[in-house]
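Its first residue numbered 437, the sequence shown is counted upward by one per residue in the numbering used here.
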Amino acid sequence: MFSNSVRWKVALAALTCSLGFAGAAAAQTIVVSASGPSARSYPAGKSLAAGSRIVLAAGDTLTVLDSRGTRTLRGPVTTSAAASATTANPSFAALVATQNRRRARTGAIRGAGESAKPSNLWYVNVASEGTVCVTDPAAVGLWRPDMEQAETLTIAPASGGSASAPFLVGQNVATWPASLPIAEGASYVISGGGLTKPTRVRFALLPAAPGDPAGTYATLDAKGCDAQKQLLLGALKSPN
Numbered sequence: 437m438f439s440n441s442v443r444w445k446v447a448l449a450a451l452t453c454s455l456g457f458a459g460a461a462a463a464q465t466i467v468v469s470a471s472g473p474s475a476r477s478y479p480a481g482k483s484l485a486a487g488s489r490i491v492l493a494a495g496d497t498l499t500v501l502d503s504r505g506t507r508t509l510r511g512p513v514t515t516s517a518a519a520s521a522t523t524a525n526p527s528f529a530a531l532v533a534t535q536n537r538r539r540a541r542t543g544a545i546r547g548a549g550e551s552a553k554p555s556n557l558w559y560v561n562v563a564s565e566g567t568v569c570v571t572d573p574a575a576v577g578l579w580r581p582d583m584e585q586a587e588t589l590t591i592a593p594a595s596g597g598s599a600s601a602p603f604l605v606g607q608n609v610a611t612w613p614a615s616l617p618i619a620e621g622a623s624y625v626i627s628g629g630g631l632t633k634p635t636r637v638r639f640a641l642l643p644a645a646p647g648d649p650a651g652t653y654a655t656l657d658a659k660g661c662d663a664q665k666q667l668l669l670g671a672l673k674s675p676n
């Protein structure tokens with residue numbers, strides 16, 4: 437018979453192994469774009485196995501996304517597709533954070549010479565049409581790029597009726613009207629509030645926020661949430 441001490445050591449070893457395998461499985465590398473002679477071998481959206489090699493010829497350019505962010509490789513080069521899953525990416529963690537979004541007043545990021553962008557991946561950008569992925573339908577924030585004026589948006593569902601969403605001076609973020617439920621496939625038209633034309637958005641619900649950059653990109657891509665996909669890539673773009 438095994439002693440309690442031995443049983444505990446065996447159980448702990450098994451748990452450690454399972455967590456290690458889980459971490460390895462979570463580490464993904466996804467092709468963002470490719471050009472050059474080898475582009476056919478690396479179609480956009482392709483998931484590269486951790487143990488595989490990336491082989492690029494002269495004239496090739498390949499951009500991939502992994503747990504570290506984006507990397508752009510130029511041929512000729514042979515390298516590993518393995519992604520580092522041991523170090524948390526602070527830019528990604530801030531971008532996908534879901535706490536305290538309801539109380540946020542400002543939330544914008546701006547690079548040198550760039551227009552303002554939402555500081556959180558799950559905000560509804562009122563100036564951007566298309567499908568919007570959300571993880572918490574009860575805490576959705578509306579984001580506008582300009583916060584110099586007090587404005588009020590009008591949000592209308594396809595079934596008729598409307599609700600208002602006011603922005604104060606100096607406020608980038610407003611709360612989605614509670615009277616308008618957010619469900620899978622629900623569509624709304626956003627107008628007023630300084631918009632040059634009405635914006636049409638359609639919601640896609642995620643059961644949970646993916647835990648890593650590559651997994652998040654793959655989920656957004658599958659749901660057709662293109663604006664959020666580009667926001668993710670821009671936020672995680674590596675200078676190297």
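Heads up, the beta-carbon is just placed ideally off N, CA and C, and yes, glycines get one too. All values derive from a computational prediction rather than experimental measurement.
Residue interval of the beta strand (DSSP E) (run including residue i)
i: residue 624; result: 623-628
i: residue 492; result: 489-492
i: residue 610; result: 609-611
Residue i versus residue j - alpha carbon distance
i: residue 490; j: residue 646; result: 25 Å
i: residue 641; j: residue 570; result: 5 Å
i: residue 478; j: residue 465; result: 12 Å
i: residue 577; j: residue 494; result: 46 Å
i: residue 625; j: residue 551; result: 23 Å
i: residue 664; j: residue 559; result: 9 Å
i: residue 448; j: residue 529; result: Only weak support exists for where residue 448 lies, its pLDDT of 34 falling under 50; the value from the coordinates is given anyway. Those two C-alpha atoms are separated by around 29 Å.
i: residue 517; j: residue 610; result: 41 Å
i: residue 583; j: residue 512; result: 47 Å
i: residue 595; j: residue 473; result: 50 Å
i: residue 580; j: residue 634; result: 13 Å
i: residue 486; j: residue 501; result: 13 Å
i: residue 593; j: residue 628; result: 15 Å
i: residue 562; j: residue 620; result: 19 Å
i: residue 652; j: residue 639; result: 16 Å
i: residue 514; j: residue 631; result: 48 Å
i: residue 387; j: residue 553; result: Nothing in the structure corresponds to residue 387, since the chain is present only between 437 and 676.
i: residue 603; j: residue 471; result: 43 Å
i: residue 492; j: residue 586; result: 52 Å
i: residue 496; j: residue 527; result: 28 Å
i: residue 469; j: residue 591; result: 35 Å
i: residue 467; j: residue 498; result: 7 Å
i: residue 508; j: residue 597; result: 48 Å
i: residue 484; j: residue 654; result: 12 Å
i: residue 662; j: residue 607; result: 25 Å
Beta-carbon gap between residue i and residue j smaller than 8 Å
i: residue 672; j: residue 557; result: no
i: residue 599; j: residue 623; result: no
i: residue 637; j: residue 532; result: no
i: residue 618; j: residue 649; result: no
i: residue 575; j: residue 589; result: no
i: residue 481; j: residue 657; result: yes
i: residue 525; j: residue 503; result: yes
DSSP beta-bridge partners of residue i
i: residue 466; result: 483 and 501
i: residue 567; result: 638
i: residue 600; result: 590
i: residue 560; result: 578
i: residue 507; result: 500
i: residue 722; result: Because residue 722 is not part of the residues shown, which for the chain are 437 to 676, the question remains open.
i: residue 514; result: 491
Range covered by the alpha helix (DSSP H) that runs through residue i
i: residue 577; result: Note, residue 577: premise wrong, no alpha helix (DSSP H); beta strand (DSSP E) at 577-579.
i: residue 605; result: Careful: residue 605 lies outside any alpha helix (DSSP H) and carries neither H nor E.
i: residue 595; result: No alpha helix (DSSP H) contains residue 595, which DSSP labels as neither H nor E.
i: residue 527; result: 526-532
i: residue 644; result: No alpha helix (DSSP H) holds residue 644; DSSP gives it neither H nor E.
i: residue 670; result: 662-671
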